[in-house]
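Under full-length UniProt numbering, the first residue of the sequence shown is numbered 1, with each subsequent residue one higher.
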Amino acid sequence: MACAISRAQSCKNETFRTLRFAQRAKAINNKVVVNEEMQEDVNFLRDVIRQLKMMLLAAVEQGTDPKIQCLMKRHR
1 MACAISRAQS CKNETFRTLR FAQRAKAINN KVVVNEEMQE DVNFLRDVIR QLKMMLLAAV
61 EQGTDPKIQC LMKRHR
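Right under this line is the structure:
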């Protein structure tokens, strides 16, 4: 980050505020962390979806409820 300051007396207040802001900004420290738990959840839910699609396909192939057949057509 770059902050612009001026020696001009007319900009004194703004320069001081800018310098205080720069000092606070310099103290900020970010640490990036990979959220592995979310990826595990995503993988789990993908497996659940895959299993449910297989179950739905098996039910449709057996000629069960027309509502199930309608759902299957919508979500292919």
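Idealized CB from N, CA, C, for every residue including glycine.
Beta carbon of residue i, beta carbon of residue j: below 8 Å?
i: Ile-5; j: Thr-15; result: yes
i: Val-60; j: Ile-68; result: yes
i: Leu-45; j: Leu-56; result: no
So residue i is in the alpha helix (DSSP H); what residue range does that whole segment cover?
i: Asn-43; result: 36 to 61
i: Asn-30; result: Looking at the DSSP string, Asn-30 is not in any alpha helix (DSSP H), and its letter there is neither H nor E.
i: Ala-22; result: 12 to 26
Could you check what DSSP says for residue i in three-state terms: helix, strand or coil?
i: Arg-7; result: coil
Out of the options, which has the shortest C-alpha to C-alpha gap to residue i?
i: Ala-2; options: Val-32, Phe-21, Lys-53, Val-42; result: Phe-21
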